[in-house]
Amino acid sequence: MEVTRRAAMHRQPARAIGLQQHLPLVAFVVTTALVVGHSRRLTGQPSIAGDVSAAQTAAVKIYGAGGLGGLEAYQSGFLVSPLGHVATAWSYVLDVDPIVILHDGRRFETQIVGFEPSLELAVLKIDSAELGGNELPFFRMPDVEVAKWGDSVYAISNLFGIATGNEPASVMQGRIAARADLDARRGTFQTPYRGEVFVLDLIANNPGAAGGALVNARGELVGMLGKELRDRLTGVWLNYAIPASILRGPVGDILAGRKTVLPDESKPKLERGQSHDLVTLGLGLVPDVMESTPVFIDYIADGSPAAGAGLRPDDLILLVDGRRAAHQRALRDQLSRMDRRDNVALVIQRGSEILNVVLRP
Amino acid sequence: MRNQPSPSNCRSLLAVVCSAWIGWAGLFGTIVWGQDSKTLAFQTAMAGHVRDVAQSILDSVVTIEVVGVSPTSGEVRQDAPTAGVIVDADGLVLTSAQVTRGESASILVVLPDGSRVAANVLGRDEHRELVLLELALADDAPPLKSIDLSSTQSTAASLTVGQTLVAVARYGSGGSPMVSSGILSAVERLEGIAIQTDARISPAFYGGPLLNLNGDVAGILIPATGGAGGQDPSAWYDSGVAFAVPSDVISDKLIRMRRGESIRAGRLGFVVGGKDPYAPGTKLAAVRVRSPAEAAGLQVGDEIIQVGGRAVTRRQEIKLALGPFDAGDAVDIEFRRKDQTQTVVVKLVESIPPLQPVLLGLIASNDAASDDSAAVSPPENGQQADDPPDSGGIVLGGTLDDSPAAEALRTGDRVLRLDGAEIADEESLRQQLWTADPDAPMEIQFVRGDEPMTIELSPQRIEGEWRTKQMTSVELELSTSIPSDASWDIAALRLPEVVNAAALLSPITDDESGVDPRRRGLLVWLLPPSEREPEQALQQWREPAKKAGVPVLMIASANEGRWRPLESEAVTSLSTAARRRCEADSAAIVIAGPAVLADGDQPGPADSMAIAVALSTGKAFSGLAVASPTRPPAVRLPSDGGLRMLRVLFPIGNADQLPPWSSRLTELGFPIQTHAPVDQRTLLNWVQSLLVL
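If you're matching them up, the sequences are chains A and B in order. When the count follows the working numbering, it moves up by one through the first sequence with no breaks and lands on 416 for the last residue. When the count follows the working numbering, it moves up by one through the second sequence with no breaks and lands on 780 for the last residue.
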């Protein structure tokens with residue numbers, strides 16, 4: 056709660072001290088006349104070290120799938136509610152239900168409750184019962200922009216998996232270099248995200264750092280660190296974060312329960328012959344050989360709703376009517392609760408693109 | 088916990104904690120710990136200030152795109168967009184050499200308003216990796232805002248290590264302002280041409296300005312790496328080690344670049360003696376023919392005291408003092424000759440006529456064979472070592488048949504002076520012969536018995552056909568008294584962090600049955616990528632190697648299928664280790680590709696690799712033997728400015744069959760020798776011939 060309380064306090068009109076009162080000093084500090092005439096509000100805030108270390112308590116480490124072929128089985132995240140909602144980057148690490156380790160070493164199993172493919176955002180949820188009524192420190196999603204280019208920022212992440220056991224995530228300091236559209240190279244490292252990012256002048260986007268928190272000197276959330284990507288035009292590694300202002304809407308929807316990707320088990324299973332299934336939609340999937348085989352399309356039946364919606368082999372089905380199809384079993388279960396006369400809305404990934412399609416029976 | 092005494096109205100802001108801001112210590116002088124509540128205020132002010140500094144120059148910062156560049160293997164794309172600065176409102180943009188690194192169809196400048204204008208190269212500073220572009224502006228183009236580099240106060244004197252610096256560029260399709268901040272890490276880097284910053288500099292910043300917090304341009308960022316930085320100048324992007332050319336230097340160079348000139352590093356043409364560049368001593372070991380140093384009257388033996396007003400005591404300091412000077416610049420050289428101090432003004436040139444190294448045919452005695460020591464043991468007739476004329480110089484073990492020295496000098500003669508300059512050791516004599524005038528007779532002073540003598544010899548060019556007939560005497564001299572039981576053996580050579588398999592065929596030096604006393608070179612043989620067993624491949628070299636007295640190091644590529652350029656470091660380390668192990672003479676280390684032998688295969692990757700290694704790795708190799716049809720690899724030559732004494736053997740009958748790229752070798756001053764056919768025996772003899780002076 057510490058972070059929240061502090062964040063709340065920041066929104067109070069703090070006693071502002073005009074820069075001009077300290078003019079001789081500032082002139083000394085920055086050795087310049089350029090500052091003169093700029094009225095910059097300096098507020099008497101608590102120390103940065105305090106704010107940043109408080110922010111560190113709301114950052115988490117996430118462990119999941121991976122560990123083979125040079126892929127790390129860990130990444131980073133941060134709490135966005137006192138009840139244990141964790142925002143992180145959507146990646147293969149989340150292919151199994153991930154383990155979240157808090158700053159103090161407490162360890163929780165989590166469920167993926169929210170998922171915004173176009174932002175590569177996932178929200179995990181710690182089981183409330185396991186928290187035993189305790190509230191957790193968390194970042195409030197800011198409703199105003201709290202940082203701009205040139206500002207000093209701190210990246211909090213589990214980069215390289217340095218933090219083990221109950222060690223908290225690492226904090227690095229740098230500056231927002233620019234705010235610009237993400238222009239990442241397609242290829243091995245892909246992202247569907249094409250919006251604005253904060254480009255950073257610190258080497259923040261390392262293995263395991265994806266999903267980490269970028270905070271300002273007040274400890275307020277500025278953005279979420281993205282995956283490792285190369286810049287399309289120069290070919291070099293990018294250091295960037297997706298602005299919190301862009302994440303705010305989707306995270307808010309998920310927290311408020313307006314949007315969830317958890318499988319909907321409230322609707323009853325329909326009788327065979329009344330519900331959808333793979334055959335009615337014309338979908339052929341890759342062989343279901345694992346406990347959680349991803350929903351990759353193998354073939355499309357001619358003239359089927361799937362063909363009509365333009366689906367193709369190798370498309371990966373992510374969401375069915377907004378609910379996550381984590382594996383083929385989940386997809387079949389979802390379809391068995393849907394009337395075969397109804398449309399089926401899918402979110403699929405094709406290459407690095409995220410597409411919305413509707414299958415009409 | 089120190090408190091800064093200050094006026095009370097300032098104290099609150101001055102009391103700043105910089106736990107994460109150590110770098111700003113230079114700005115504050117004193118940092119107060121423990122009152123960190125004002126850090127936020129400081130950071131907020133600093134962030135705003137960084138933006139103000141960037142905004143103050145942003146109207147003059149452009150993005151530069153290159154179009155139609157062929158892709159390369161490097162990490163940074165050859166056509167990466169970089170930055171530039173408008174230095175003249177009529178349409179001149181200063182940027183880094185990154186934009187001319189590859190041949191491009193077009194160079195486009197994206198102006199601050201987002202419009203694109205074609206540009207062409209007006210002038211270059213190749214010495215400092217800068218390029219001046221001229222924009223093809225339309226008559227009705229909106230006016231540009233230029234910066235005046237000469238007006239900035241950021242001279243070398245005003246730069247303080249630790250002061251905050253801000254790099255400014257534009258990023259993305261929208262041309263968003265982009266900054267990166269850090270501190271000044273050092274001045275006078277890259278041999279005195281650049282300042283260094285720890286700001287993370289990604290390629291988009293190259294060519295852009297680096298400013299201090301007054302908004303003065305401290306320098307223009309360039310892609311560059313330090314001495315050990317490898318082939319790709321942009322390899323150190325985002326590393327915290329970045330370089331910029333200081334603005335006061337640039338404003339000076341801009342005058343020439345505006346005239347369309349190309350500025351290049353200046354050359355003087357002398358060689359300072361000694362193996363260790365950091366050891367005290369600045370005596371000249373050689374002065375190149377037709378060089379500015381020669382024209383100014385500098386001589387071998389002169390001791391350099393000052394270069395351009397800077398006192399120098401070591402070879403490295405001379406290099407640093409000369410670093411900032413360009414071709415065409417005049418530099419004062421103060422030197423001492425026989426207790427007399429003199430100063431000459433030397434005008435540096437872009438290039439000195441290629442060297443035409445010569446030899447006299449001298450073979451130093453076996454006793455003098457100590458690679459790592461310049462000491463010469465006293466002759467066997469028992470003369471006192473402390474008697475000056477009888478110590479120093481080189482004792483001859485013989486002369487090369489049919490060479491300039493053949494008739495005139497004998498075994499046992501002690502050669503003391505060449506053209507009046509004392510001969511300190513073999514290395515310095517070699518340097519003198521390498522830089523001498525091939526057409527001028529040489530005066531040799533020597534002692535025979537007790538009698539001092541002087542003769543004049545006409546040296547012989549190394550370049551040309553290599554005659555094996557001459558070698559008979561070398562073999563004799565260098566091969567005397569082989570103990571018949573001296574044993575040679577093959578052993579695997581392994582180094583930490585080197586994955587290449589390697590094996591060395593050499594005499595067993597700690598063998599009780601008798602140590603092979605012969606002076607020897609070393610043949611380094613690169614195996615074709617398909618051959619994986621160096622030990623096995625060495626078997627067929629056993630007899631010829633022992634007979635010639637030349638150890639052979641065989642190296643396999645790291646991966647089956649190819650040799651990669653990166654492996655040249657491994658080859659060099661293995662060769663150095665082998666040279667130490669078999670006590671070979673560093674003047675005769677030869678690298679060869681398998682196609683050099685008459686019965687060898689067509690040239691392949693191993694042959695190209697041999698060229699790459701020989702040319703790219705400093706002074707590790709003194710000979711290169713390759714088949715002439717070998718495809719030359721792309722090599723970035725080391726620019727350490729030192730004298731490289733490398734000679735090349737092509738297995739061809741006459742000079743008409745030389746490959747076209749061999750002219751580049753001649754320009755570099757690497758003499759080419761030819762001989763056909765080359766078999767194992769002749770190749771090993773050629774290795775030994777490199778010991779001849």
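Virtual Cβ for every residue (Gly too), placed ideally from N, Cα, C.
Whole angstroms are fine: how far does the CA of residue j sit from the CA of residue i?
i	j	result
Y248 (chain A)	G171 (chain B)	30 Å
A225 (chain B)	S157 (chain B)	29 Å
L293 (chain A)	A239 (chain A)	8 Å
V274 (chain B)	A286 (chain B)	15 Å
A299 (chain A)	A356 (chain A)	42 Å
G507 (chain B)	E530 (chain B)	7 Å
N213 (chain A)	D339 (chain B)	49 Å
I481 (chain B)	R581 (chain B)	36 Å
T182 (chain B)	I337 (chain B)	11 Å
L277 (chain B)	Q130 (chain B)	33 Å
Q429 (chain B)	E421 (chain B)	6 Å
S108 (chain A)	S207 (chain A)	15 Å
A265 (chain A)	R188 (chain B)	34 Å
K116 (chain A)	R215 (chain B)	46 Å
S644 (chain B)	D576 (chain B)	22 Å
Q627 (chain B)	R554 (chain B)	25 Å
A721 (chain B)	Q165 (chain B)	16 Å
I280 (chain B)	G410 (chain B)	7 Å
A701 (chain B)	P262 (chain A)	38 Å
V58 (chain A)	V306 (chain A)	Because the pLDDT of V58 (chain A) is 41, which lies under 50, any placement of that residue in the model is unreliable, and the question is left without a value.
Assign residue i to one of three DSSP states: helix, strand, or coil.
i	result
E656 (chain B)	helix
H331 (chain A)	coil
R768 (chain B)	helix
Y354 (chain A)	strand
A196 (chain A)	Checking the displayed sequence, the identity of residue 196 (chain A) turns out to be Met instead of Ala. Coil at M196 (chain A), not helix or strand.
V436 (chain B)	strand
I405 (chain B)	helix
L269 (chain A)	strand
D150 (chain A)	helix
Along the chain, where does the beta strand (DSSP E) that runs through residue i open and close?
i	result
M393 (chain A)	Counting along the chain, M393 (chain A) falls outside any beta strand (DSSP E), and DSSP gives it neither H nor E.
P296 (chain B)	296-299
S338 (chain B)	Careful: S338 (chain B) lies outside any beta strand (DSSP E), inside the alpha helix (DSSP H) at 334-345.
K116 (chain A)	114-118
I194 (chain B)	193-197
I759 (chain B)	759-761
Quick one: which chain A residues come within Cβ less than 7 Å of residue i?
i	result
Y324 (chain B)	V291
E162 (chain B)	G290, V291
A291 (chain B)	T289
Q283 (chain B)	Those within 7 Å of Q283 (chain B) in chain A number zero; the least Cβ separation is about 17 Å.
R287 (chain B)	D256, L257, I258
Residue range of the alpha helix (DSSP H) that residue i falls in?
i	result
H136 (chain B)	126-145
R303 (chain A)	299-310
Would you verify that the beta carbon of residue i is, or is not, closer than 9 Å to some beta carbon of chain D?
i	result
T187 (chain B)	Of the protein chains in the structure, A and B, none is chain D.
Run down chain B in chain order and give the residues with a C-beta less than 8 Å from the C-beta of residue i.
i	result
R273 (chain A)	L127
R230 (chain A)	A134, V137, V266, S267, S268
In chain A, which residues lie with their C-beta within 9 Å of the C-beta of residue i?
i	result
P168 (chain B)	L288, T289
V248 (chain B)	Result: empty, since nearest Cβ-Cβ is about 16 Å, beyond 9 Å.
A141 (chain B)	W204, G205
P199 (chain B)	Within 9 Å Cβ-Cβ: nothing; P199 (chain B) doesn't reach chain A, min ~15 Å.
Strictly below 9 Å CB to CB, what residues from chain B border residue i?
i	result
D236 (chain A)	G259, S260, G261, S263
Residue i touches chain B at which residues, Cβ-Cβ below 7 Å?
i	result
I181 (chain A)	Within 7 Å Cβ-Cβ: nothing; I181 (chain A) doesn't reach chain B, min ~31 Å.
A268 (chain A)	Those within 7 Å of A268 (chain A) in chain B number zero; the least Cβ separation is about 17 Å.
Q) Considering only residues of the stretch 205-290 of chain B, which uninterrupted beta strand (DSSP E) runs meet the minimum length of 3 residues and lie entirely inside it, listed in chain order? A) 217-222, 251-258, 263-276, 281-284
Q: Could you tell me which uninterrupted alpha helix (DSSP H) segments, each at least 4 residues in length, are contained entirely in the stretch 511-559 of chain B, listed from first to last along the chain?
A: 513-521
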